[in-house]
Structures are given as C-alpha cells and as structure tokens.
Amino acid sequence: MRLRVLLDTHSLGLRLLGGEDELDRTVRGVMTTDLRDPSRYLSGGELVLTGLAWHREPADSEPFVRILAAAGVAGLAAGEAELGSVPDDLIEACARHRLPLFSVVEDVSFASITEHVVRQVSSERAGDLAAVVDRHRRLMTSAGGGPEVVLDLLGSDLDLRAWVLSPTGRQIAGSTLADAGPELSGELAARLAGEHLAAARTGRRGPHRVTLGGSTFSLFPIRQEGRDLRQTVLSDWLLAVEADAGEWPAERLDLLHGVTQLIAVERDRRDAARTVRRRLAQEVLELVQAGAPPAEIAARLRVAAPVLLPGLGTAPHWQLVVARVEWEDGDVPGGPVAQSLLEEMLVDPGVAGPEPSDRIAVAHTGDEAVALVPLPVPDESGDSAATGLHAAELLRLVQEPLSRGLDDDGRLTVGVSAAVHSAEGLRGALEEARHARRVAAARNGRVCAAGHEELASHVLLLPFVPDDVRRAFTARLLDPLREYDRKHRAELIPTLEAFLDCDGSWTRCATRLHLHVNTLRYRVGRIEQLTGRDLARLEDKLDFFLALRMS
C-alpha cells in the first residue's frame, strides 16, 4: 500500500508534516518503537510509529532519523501525547533526509494504526489469502473472538496446526477444531519456549525453526517492539506453527507475521485488564511496608477479594511470593520483568488460557516484584488449596525455558511465604518471602526458588519482636550510620543494604551502585569503623540484616 492511502484514511488521525513528494512510497509493514536506535528491528519499508519517549533534547532527532533513513523505512508517524506536539527539530531532520513525517492525534492509538496497516498490507500481498486476514480481524474484535479463533482459521483455511505459548511454555491458546490432531504436551511446549527464548536472545528476526520430537516447528515472536530485548523476551508470547517456514513463499510469511500482530493487539487488551489487580496489589503492599494498622490493611483486602475471587463469600487465605530479576550490567530495571514472570508462573501450567491469571495481583518496585495470591478457605474436611504454592512446583516446568531466556547475563530468584489467614500476618509473610528469596539467591543457577519451610526460626519470629526492642536494636547499629549520612551525604545506609542484598559480592554490589570497587571498599570500611562490626563475619552480617529489616 502507498503512504498517501494512509493519509487519506481520516479515521487514523494522521497529519502530514513533511515529505509530500514521497507519499508514493510503499508500506510493507509497521513497527512501534521508542528506542534511540531501533535498527536491529528494521528491514525496510516499515511505517515507524513512535511516542517520542527517546526525544530528550533537539540533538536527539538527527541520529534517530538518520538510522530510519538508512534502514529504508517508508515513513515516520509521531504521537502528540508525550510532548504535546511534534518538535521542530524532528520535522527539520526528516526534511533533510527526505523522510515523510506524520503526526498522530492523541485520541488515536498506535494499535488502531497497526491493525489497519497489517490488514491492508497482508491483503495486498497475500492475494487470495486476504479473506483469511480479514476474517481473523473481524472475529478477534467481535464478542467471543480471540487467539483460538485465529488458530482455528489457520487450521481450516491453511491446514496449519498452531499454538500460542507463553515464555514458560504454558499454552495460552490452541485450535478447538475436532480434527486439530493430538494436543501439544507440556514438556514439548516448554522445550519450544526454551528454543524460542534462546533464539530471541541472539536478536535474530523470527521465525525460528527447530525440530523436536520428529516434527519441525516455526516459532514466531508476538513481540512488544520498541523496548530493550531483555525487557520483552521473558514476557512475550510466541506463535508455534508445526511447519517449516523456510519452505514458504513470501506471501505466506507475510500473512503469519500479520497474524502475530493481530494476536499482539489481543494481548494488549488482556494486559490492560490486569491494571486493576496490579493497583490493588500495590496499595496493599504499600500499606504492609508502611506498617499500617491491620484494620486498614484488612479493609483494603476486603476490596481486593471480590476482584480476585469473584463470588467468594468469605475472606480467603493469602500467600506472598517475591521475585527478583537482576541483569549483570544493571542497566535494565528488573521489576517489570519480574512482575510479568510472576503473573505467568503463578498460573497452573496445566490450565490453558490466560483467565486463571485474573486471580493474581502483582506489584513491583525497583528490581523486585511481589505477588498477592488469594487461596480458598479450607472446607470442613480441612482439604484446601490453602496449603498454598510450593517453590519446587513453581520451578518444575519453567526453570529450563527461563534459564535459556536469561542466558548468561540475567538471574531470577523467587521466595514463597506460608499461607496466612488475616491482615496481621501479611507483614510477616512479606519478610518471610523476601528472606526465602535471599536463600534462593545463595544457590547456583539462573533460576532458583526457596520456600518458607527452608527458613530458620528467628526469621519467622522477627515480625513479632516488640517495637521497643526493635527500636533499641536498630538504633545501636544504624544510628551512627544515619548520623554520618546526614552530615556527609555518604550514603552508607544504601550501600550497606546493597552489599547485603548482593550477598557480600564486591563486584555485583559495585555494579548495582555504579561505583568503583575501591570506592565501595572505602564505604564498607567506614561502616565497620563507625559500628565496630566486621562485615566479613556472618554474625555481624546477620545483625545488620535484622536491623535493616526491623527499621
């Protein structure tokens, strides 16, 4: 399709800012990005959509536009929501490189433009397959539509067996046709997810082909473009097709890429539904961490319970799960990734579809994510899911694929609390889950977990230490450091927290704090001098750990 056709489609909200002589360029696809350098994702002919989050100063426009022009993109469409209008320096840079530039009004979503372009481009390129794309679009946007409808159409119209899988290998959707053939086993799905994650970490464009169990599969990423690969690879869905895409004509490949973009729109819709649950989890977590009265926390839980467990007449038991994702260079925040992973891991892998995740609320802060998991109250016989989640079971199917996705520069550690039956127990459960995660962090491996049953008794009793004892203990250890920080802005308390959180690793701690190792050694030496403690001794490390947790 031509750029001028998009301009003539008034519902897309595009306004031409420059490049009128270039409107006959052919659009071959669409990509959304806010990366400063999106070149790895560009193959030429794309309409690039950007929210301008990369634009911090006028000098940023020239290199960004130069990259797009060198990649041979068809045009650039910039949203007005971030800055209010498209900057003049971006307009000038596009004029210099003869790159057509459009503005997108605030009330038109990029998803609408993406869906329109995908539908039009696929229709033009796929010839007699255009009707299939249109049917996919119409059925997915109608009541009862979804990935299952798309997969049924791939089976009935193109004779392709396909599944939508999570990054852990859980089946999000599969064909519902009676003659769809045998189901995909959980083990095979996990292996496919692992192969996909390993290939995606290399940065190669899909589809990735792999032969497992005597069958060849083509793996298409259903990707949230425009962010660091490490932020998306562990949360993106994938489309697994039982066929060798290397033998396909370009028209069929275009069609399947279009289908992944349509499924991505559906993924965005379902992710939006998690907003309320995430907000509830964040509110509860903030109350617990702030030491709010149990009555206030209980009131918030009563609001959360109907959302997380619709129709449940009594208050459930609760369990907390803490996860942390850390990257070697420390440049990419791990919290959002850990949040997505917990939302996936806490769904029963034997249950198909995303709906079970509606009963999980996950918040994140920094590199940590915390899940608030409701458990049904035990019945009269005492049998119930209130016995809760177990760390080993959480890792059973996800450990292998996630280890491949983390590759050699990332790590996931998980801690699981015991089930608690009231708001009074949440504070202890949070500390319990965090300490269990630290136990997991002391183990070898890219993906590790530990449960409450592995903790020492003093950690279980910690939340119940009287307040006056807490204050006296923490003052003796931490007040000298707080006073020194107040006078010299030395950041000794944050340094101590990071040092303990990195299990005493000088290299990891220095990287996290963006310090030279010698500077870190100086700070730790000052901490030891002010407190008379030795951070090389386990006993003193434990005292500092307890003091920080009780402060």
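Residue numbers (the working numbering): 1144 to 1694.
A virtual CB, placed ideally from N, CA and C, is assigned to each residue, including glycine.
**OP:** Use the C-beta contact count for Val1446: other C-beta atoms within 10 angstroms, 16 or more gives buried, fewer gives exposed.
**Re:** Residue burial annotation: Val1446 is exposed, with fewer than 16 other C-beta atoms found within 10 angstroms of its C-beta.
Subject >> Continuous alpha helix (DSSP H) stretch holding His1339: start and end >> reply: From DSSP, the alpha helix (DSSP H) with His1339 extends over 1329 to 1343.
Subject >> Counterpart residues of Val1173 in DSSP-defined beta bridges >> reply: DSSP lists Leu1190 as partners of Val1173.
Subject >> Candidates Val1229, Trp1649, Glu1258, Thr1359, of which the one nearest Glu1249 by Cα >> reply: Its Cα nearest to that of Glu1249, the residue Val1229 stands out among Val1229, Trp1649, Glu1258, Thr1359.
Subject >> Any beta strand (DSSP E) of 3 or more consecutive residues that is wholly inside the region 1402 to 1458 >> reply: The region 1402 to 1458 contains no whole beta strand (DSSP E) run of 3 or more residues.
Subject >> Given Thr1508 as reference, the closest of Pro1479, Leu1532, Leu1515 once Cα atoms are compared >> reply: Measuring C-alpha to C-alpha distances from Thr1508 to each of Pro1479, Leu1532, Leu1515 identifies Pro1479 as the nearest.
Subject >> beta strand (DSSP E) runs contained entirely in the region 1567 to 1597, provided each spans 3 or more residues >> reply: Segments of the beta strand (DSSP E) lying fully in the region 1567 to 1597: 1590 to 1594.
Subject >> Contact belief for Leu1485 with Val1464 at Cβ below 8 Å, rounded distance in angstroms >> reply: The beta-carbon distance between Leu1485 and Val1464, rounded to whole angstroms, is 6 Å. This is short enough to meet the 8 Å contact definition.
**OP:** Would you mind working out which of Ser1358, Asp1677, Ile1503 sits nearest Arg1420, comparing C-alpha positions?
**Re:** Put simply, of Ser1358, Asp1677, Ile1503 the residue whose alpha carbon is nearest the alpha carbon of Arg1420 is Ile1503.
Original post:
For Ser1358 versus Glu1330, is the C-beta distance shorter than 7 Å?
Top reply: No Cβ-Cβ contact shorter than 7 Å links Ser1358 with Glu1330.
Subject >> Proximity below 7 Å, CB of Glu1291 to CB of Ala1316 >> reply: Taking 7 Å as the cut-off, the Cβ atoms of Glu1291 and Ala1316 count as close.
**OP:** Compare the Cα-Cα distances from Arg1413 to each of Ala1435, Asp1379, Cys1591, Asp1686 and report the closest residue.
**Re:** Measuring from the Cα of Arg1413, the nearest candidate turns out to be Asp1379.
Original post:
Around the C-beta of His1351, are 16 or more other C-beta atoms found within 10 angstroms, so that it is buried, or is it exposed?
Top reply: By the neighbour-count rule (16 or more Cβ atoms within 10 Å), His1351 is buried.
**OP:** Consult DSSP for Ile1503 and reduce its assignment to one of helix, strand or coil.
**Re:** Coil.
Original post:
If you draw a straight line from the C-alpha of Ala1576 to the C-alpha of Gly1558, how long is it?
Top reply: Looking at the two C-alpha atoms, the distance is approximately 5 Å.
**OP:** Below 8 Å on the Cβ atoms is my guess for Val1261 versus Val1173; work out the distance and round it to an integer in Å.
**Re:** Taking C-beta atoms under 8 Å as the contact rule, Val1261 and Val1173 qualify, at a distance of about 7 Å.
Original post:
Three-state secondary structure (DSSP) at Glu1223?
Top reply: Note: Glu1223 maps to coil in three-state DSSP.
**OP:** Check Pro1230 in the structure and name its three-state DSSP category.
**Re:** Three-state DSSP puts Pro1230 in coil, outside helix and strand.
Original post:
Considering Thr1359, what are the terminal residues of the beta strand (DSSP E) in which it resides?
Top reply: Counting along the chain, the beta strand (DSSP E) containing Thr1359 begins and ends at 1358 to 1365.
Original post:
If you draw a straight line from the alpha carbon of Glu1430 to that of Leu1211, how long is it in whole angstroms?
Top reply: The question names Glu, yet the displayed sequence has Leu at residue 1430. Cα-Cα distance, rounded: 46 Å.
Original post:
Residues in its own chain within less than 8 Å of Leu1673 by CB, not counting five upstream and five downstream?
Top reply: In the same chain as Leu1673, and ignoring 5 residues on each side of it, the C-beta atoms closer than 8 Å to its own belong to Pro1623, Leu1624, Tyr1627, Leu1635, in chain order.
**OP:** Have a look at Ala1633 and Ser1560 and give me their C-alpha separation to the nearest angstrom.
**Re:** Computed Cα separation, rounded: 35 Å.
Subject >> Candidates Leu1678, Gly1548, His1564, of which the one nearest Ala1336 by Cα >> reply: Cα-wise, what sits closest to Ala1336 is Gly1548.
**OP:** Please list, in chain order, all residues of the same chain as Gln1404 whose beta carbon is under 7 Å from its beta carbon, the five residues on each side excluded.
**Re:** Within the same chain, Gln1404 has close Cβ partners Thr1257, Val1261.
Original post:
Expressed to the nearest angstrom, what Euclidean distance is found between the alpha-carbon atoms of Ala1238 and Ala1535?
Top reply: Cα to Cα, Ala1238 sits roughly 58 Å from Ala1535.
Original post:
Can you find a heavy atom of the ligand HEM that lies under 6 Å from the Cβ of Ala1221?
Top reply: This structure does not include the ligand HEM; it has no bound ligands of any sort.
Original post:
Does the distance from the C-beta atom of Arg1183 to that of Ser1246 stay below 7 Å?
Top reply: Contact: no.
Original post:
When the Cα of Ala1217 is compared with those of Ala1202, Glu1163, Ala1592, which residue comes out closest?
Top reply: The alpha carbon of Ala1217 has as its nearest neighbour, out of Ala1202, Glu1163, Ala1592, the alpha carbon of Glu1163.
Subject >> Close-in-space but distant-in-sequence residues of the same chain around Leu1598 (CB under 8 Å, 5 per side omitted) >> reply: Within the same chain, Leu1598 has close Cβ partners Glu1575, His1578, Ala1579, Val1582.
Subject >> Local Cβ density within 10 Å of Leu1685, reported as buried at 16 or more and exposed below that >> reply: Exposed, because fewer than 16 other Cβ atoms sit within 10 Å of the Cβ of Leu1685.
**OP:** On a CA-only basis, which of Ser1328, Asp1302, Ala1341, Val1353 is nearest Arg1395? Give me that one, please.
**Re:** Considering only alpha carbons, the answer is Asp1302.
Original post:
Using the C-alpha atoms, what's the distance from Val1563 back to Leu1532?
Top reply: Leu1532 and Val1563 have their alpha carbons spaced roughly 12 Å apart.
Original post:
CB-CB under 7 Å to Leu1160, same chain, minus the five flanking residues each way: which ones, in chain order?
Top reply: If we look at Leu1160 and ignore the five residues flanking it on each side, its Cβ neighbours are Val1229, Ile1234, Leu1244, Phe1245, Ser1246.
Subject >> Cutoff 8 Å; reference Ala1332; Cβ partners in own chain excluding five residues on either side >> reply: Shown here for Ala1332: same chain residues with a beta carbon closer than 8 Å to its own, the five before and five after excluded, namely Trp1306, Leu1308, Gly1312, Arg1313, Gln1314, Ala1383 in chain order.
Original post:
For Phe1253, which of His1460, Arg1676, Ser1154, Tyr1665 has the nearest alpha-carbon?
Top reply: For the residues His1460, Arg1676, Ser1154, Tyr1665, the minimum Cα distance to Phe1253 belongs to Ser1154.
**OP:** Whole angstroms is fine: what's the gap from Gly1456's alpha carbon to Gly1568's?
**Re:** With a pLDDT of only 48 at Gly1456, under the threshold of 50, the placement of this residue in the model should not be trusted; the figure read from the coordinates follows. C-alpha separation (whole angstroms): 21 Å.
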